[in-house]
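Have a look at the structure below before the remarks.
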Amino acid sequence: MELTAQALADLILAGFNRHFRIFTVYNKKAARYFAKSLFQEAYQASIEQIDLYDTRVQECLDTIRATFKIDVLDEELWQAVKIAYMHKLYNHLQPELAESFYNSVFCQLFNRHYYNNDYIFFNAAIHTKDIQTRYPDYRSYYPTENDFTKEIEKLLTDIPIKSPYEDLARDTARVVAAIKEYQKQFSSLNNFFQINVLTPVFYRNKGAYCIGRMVNNNKIYPFVISLLTRNDRLYVDAFLDDEYDISNIFSFARVYFKVDFPVPSALVRFLRTLLPNKNIADLYTALGFHKQGKNEFYRAFIYHLRHSTDNFIIAPGIEGMVMNVFTLPSYPYVFKLIKDPSHIKKDIQPKVVKDCYQLVKRKDRVGRMADVWEFSHVAFPLNRFSEQCLAQLQLTCADSLSIEGDYLIIKHLYIERRMIPLNIYINQVDDKEQQRILKEYGHAIKDIANAGLFAGDLLIKNFGVTNHGRVVFYDYDEIVPMEQCNFRKIPKPQTEEQEMASEPWYTVGENDIFPEEFEFYLITDPTQKQYFKNSHGDLLQASYWQQVQQNLHKGVLPDVFPYNLEKRFNI
Numbered sequence: 001m002e003l004t005a006q007a008l009a010d011l012i013l014a015g016f017n018r019h020f021r022i023f024t025v026y027n028k029k030a031a032r033y034f035a036k037s038l039f040q041e042a043y044q045a046s047i048e049q050i051d052l053y054d055t056r057v058q059e060c061l062d063t064i065r066a067t068f069k070i071d072v073l074d075e076e077l078w079q080a081v082k083i084a085y086m087h088k089l090y091n092h093l094q095p096e097l098a099e100s101f102y103n104s105v106f107c108q109l110f111n112r113h114y115y116n117n118d119y120i121f122f123n124a125a126i127h128t129k130d131i132q133t134r135y136p137d138y139r140s141y142y143p144t145e146n147d148f149t150k151e152i153e154k155l156l157t158d159i160p161i162k163s164p165y166e167d168l169a170r171d172t173a174r175v176v177a178a179i180k181e182y183q184k185q186f187s188s189l190n191n192f193f194q195i196n197v198l199t200p201v202f203y204r205n206k207g208a209y210c211i212g213r214m215v216n217n218n219k220i221y222p223f224v225i226s227l228l229t230r231n232d233r234l235y236v237d238a239f240l241d242d243e244y245d246i247s248n249i250f251s252f253a254r255v256y257f258k259v260d261f262p263v264p265s266a267l268v269r270f271l272r273t274l275l276p277n278k279n280i281a282d283l284y285t286a287l288g289f290h291k292q293g294k295n296e297f298y299r300a301f302i303y304h305l306r307h308s309t310d311n312f313i314i315a316p317g318i319e320g321m322v323m324n325v326f327t328l329p330s331y332p333y334v335f336k337l338i339k340d341p342s343h344i345k346k347d348i349q350p351k352v353v354k355d356c357y358q359l360v361k362r363k364d365r366v367g368r369m370a371d372v373w374e375f376s377h378v379a380f381p382l383n384r385f386s387e388q389c390l391a392q393l394q395l396t397c398a399d400s401l402s403i404e405g406d407y408l409i410i411k412h413l414y415i416e417r418r419m420i421p422l423n424i425y426i427n428q429v430d431d432k433e434q435q436r437i438l439k440e441y442g443h444a445i446k447d448i449a450n451a452g453l454f455a456g457d458l459l460i461k462n463f464g465v466t467n468h469g470r471v472v473f474y475d476y477d478e479i480v481p482m483e484q485c486n487f488r489k490i491p492k493p494q495t496e497e498q499e500m501a502s503e504p505w506y507t508v509g510e511n512d513i514f515p516e517e518f519e520f521y522l523i524t525d526p527t528q529k530q531y532f533k534n535s536h537g538d539l540l541q542a543s544y545w546q547q548v549q550q551n552l553h554k555g556v557l558p559d560v561f562p563y564n565l566e567k568r569f570n571i
């Protein structure tokens with residue numbers, strides 16, 4: 001094959017199209033898994049789907065190298081490749097995803113000095129707002145013009161899930177009652193009141209979600225209908241209209257949705273009307289387009305840097321033993337670098353830390369473990385670092401840094417949502433909130449364990465509090481699969497010498513964990529410690545952890561409800 005711009009553009013676009021076809025197959029399977037309650041199969045498929053993108057990018061790279069023997073950049077050729085590729089996207093249904101795929105291929109072929117808009121899609125070239133597809137992205141219903149109950153029944157039966165309802169009349173009545181209760185906050189009910197519902201179903205874990213909005217007097221009121229199955233029958237579990245619950249469903253600490261729809265940008269546009277505080281990066285990531293989320297984040301970050309003047313600082317909290325964390329106060333994210341081996345204060349190597357982050361990405365984060373974007377060779381303006389921050393990074397992370405002109409280049413880092421460290425938060429609130437947040441802390445430990453992971457370092461400094469007051473774990477360097485842990489009860493001493501011994505008189509294996517010891521170091525404040533024990537004393541018993549291990553061994557998947565359990569209908 002002759003090396004031309006058109007040939008390269010065709011090859012890369014074919015690679016993306018192949019990726020999206022395979023990705024869509026996984027999304028389609030989610031509907032069958034849900035209908036048949038095949039939750040283990042769904043979980044395994046979600047793990048496989050995470051690797052699809054990198055696999056397809058590597059396939060494309062291998063083909064390019066094998067076909068064209070490319071090893072150095074021909075500047076004129078690759079500028080032409082980008083233009084040719086861009087022309088092919090004018091009628092494409094996923095142009096923004098295809099642009100990101102092109103960027104991934106190019107950036108793995110060539111040096112970072114060429115990562116600019118001449119060669120890659122640093123800025124989006126194709127606008128997505130006017131993309132037309134055969135199927136509308138949402139359906140509309142008019143309860144005030146038609147029989148209210150029948151219109152809501154039609155809404156439920158239009159949801160494209162093949163399973164029959166367990167009791168359609170019951171579920172319709174419940175949704176009608178919930179909507180009418182919701183309408184009480186309207187100043188008046190407009191004659192043109194309407195309900196819009198996204199066409200595709202959002203699948204995750206054991207649940208399916210119908211995402212919608214009410215429109216009244218030009219105001220938007222979001223809602224979500226949560227659906228579950230029982231004995232191959234469908235039922236409505238909850239009607240959610242609270243901002244906290246809806247935002248939590250799309251949390252950065254949850255596993256990605258499976259959504260079968262050919263125009264992701266249309267879904268993101270609709271979702272932004274419901275969740276104006278969620279940015280585009282958050283929403284693409286929630287839909288499973290992790291690389292697109294990463295791309296959108298970086299564009300927004302660069303834009304923010306151009307329109308701000310504050311400096312990067314070391315993030316508030318206790319300095320990590322393995323990582324340095326810095327932040328830009330005006331931007332709600334943190335940047336995490338693995339320290340040089342000589343500055344790591346634990347017996348752990350950087351590769352092991354990276355493996356821990358990959359382990360978390362392949363698990364259900366159950367709303368308790370922060371998702372991260374992983375970046376390589378990122379350029380930060382040198383003049384935006386405070387002296388203290390730059391000195392700290394250069395002292396402890398020198399192997400990961402280089403200075404090129406006016407930029408600090410960081411070879412590898414993780415980026416995640418900024419939270420208030422729990423050890424700081426707990427000392428800023430009153431007794432009532434301390435009790436609530438420590439209860440949350442215990443639930444976070446339990447949820448992570450039931451997802452198959454032992455968090456390792458359970459100190460409260462390794463947990464954060466989100467804007468909605470939820471406790472999330474964010475320090476992964478000691479996290480391990482539950483099956484690798486040996487939870488033991490401390491043996492009773494048999495002699496006075498054993499009882500008085502300053503060191504354990506019993507043998508301790510490498511993977512042995514004694515939950516009774518948690519009481520003495522997790523929380524030091526006596527009052528806070530008692531609050532924790534009142535809610536989660538079972539975490540201090542080996543028997544609790546052993547029972548979780550038994551459930552995991554049996555393949556028991558926990559019920560994960562991303563909303564307040566009080567919102568569940570009494571089924």
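Mapped onto our numbering, the consecutive letters of the sequence shown carry residue numbers 1 to 571.
The beta carbon of each residue, even a glycine, is placed where N, CA and C say it ideally should be.
Note that the coordinates shown come from a computational prediction; the quantities given were computed from them, not determined experimentally.
Top-ranked residue by Cα proximity to residue i, from the options
i, options, result
"residue 446", "174, 39, 482, 350", "482"
"residue 100", "356, 82, 111, 239", "82"
"residue 557", "35, 66, 44", "44"
"residue 64", "293, 330, 12", "12"
"residue 453", "364, 416, 373, 33", "364"
"residue 6", "88, 15, 61, 21", "88"
"residue 204", "69, 566, 560", "560"
"residue 467", "529, 244, 570", "244"
"residue 217", "183, 234, 75, 520", "183"
"residue 394", "434, 340, 405, 350", "340"
"residue 104", "60, 427, 27, 442", "60"
Alpha helix (DSSP H) segment containing residue i, residue limits
i, result
"residue 528", "526 to 536"
"residue 194", "It is not in any alpha helix (DSSP H) - residue 194 instead sits in the beta strand (DSSP E) that spans 194 to 198."
"residue 273", "264 to 274"
"residue 302", "290 to 306"
"residue 56", "52 to 68"
"residue 423", "422 to 425"
"residue 325", "Not the alpha helix (DSSP H): residue 325 falls in the beta strand (DSSP E), residues 323 to 327."
Reduced DSSP secondary structure (H/G/I, E/B, other) of residue i
i, result
"residue 430", "coil"
"residue 545", "helix"
"residue 403", "strand"
"residue 412", "strand"
"residue 223", "strand"
"residue 154", "helix"
"residue 442", "helix"
"residue 141", "strand"
"residue 148", "helix"
Residue range of the unbroken beta strand (DSSP E) whose run includes residue i
i, result
"residue 373", "373 to 381"
"residue 201", "First-last for residue 201: undefined, no H or E at that position."
"residue 174", "From DSSP, residue 174 is part of no beta strand (DSSP E) but of the alpha helix (DSSP H) over 168 to 182."
"residue 23", "Note, residue 23: premise wrong, no beta strand (DSSP E); alpha helix (DSSP H) at 5 to 35."
"residue 210", "207 to 216"
"residue 95", "First-last for residue 95: 95 to 109, but that is the alpha helix (DSSP H), not the beta strand (DSSP E)."
"residue 572", "Outside the displayed span of the chain (1 to 571) sits residue 572, for which this structure offers no information."
"residue 336", "333 to 338"
Beta-carbon spacing of residue i, residue j below 8 Å
i, j, result
"residue 614", "residue 270", "Outside the displayed span of the chain (1 to 571) sits residue 614, for which this structure offers no information."
"residue 284", "residue 292", "yes"
"residue 193", "residue 273", "no"
"residue 325", "residue 338", "no"
"residue 542", "residue 489", "yes"
"residue 46", "residue 255", "yes"
"residue 253", "residue 367", "yes"
"residue 202", "residue 263", "no"
"residue 425", "residue 410", "no"
"residue 509", "residue 534", "no"
"residue 172", "residue 153", "yes"
"residue 476", "residue 397", "no"
Beta-carbon contacts of residue i that lie in its chain and below 8 Å, excluding the five residues immediately before and after
i, result
"residue 22", "52, 56"
"residue 474", "369, 370, 416, 419, 462, 463, 464"
"residue 332", "417, 418"
"residue 39", "33, 205, 206, 557"
"residue 250", "271, 275, 278, 282, 283, 286"
Closer than 7 Å: residue i CB and nearest the ligand SAH heavy atom
i, result
"residue 558", "Ligands are entirely absent from the displayed structure, and the ligand SAH is therefore not among its contents."
Close beta carbons around residue i, own chain, < 7 Å, minus the five adjacent residues each side
i, result
"residue 310", "328, 329, 330"
Short CB-CB distance (under 8 Å) between residue i and chain C
i, result
"residue 541", "Absent here is chain C; the protein component of the structure consists of one chain."
Chain-order list of residues whose beta-carbon lies under 6 Å from that of residue i (same chain, five-residue window excluded)
i, result
"residue 95", "89, 126"
"residue 522", "458"
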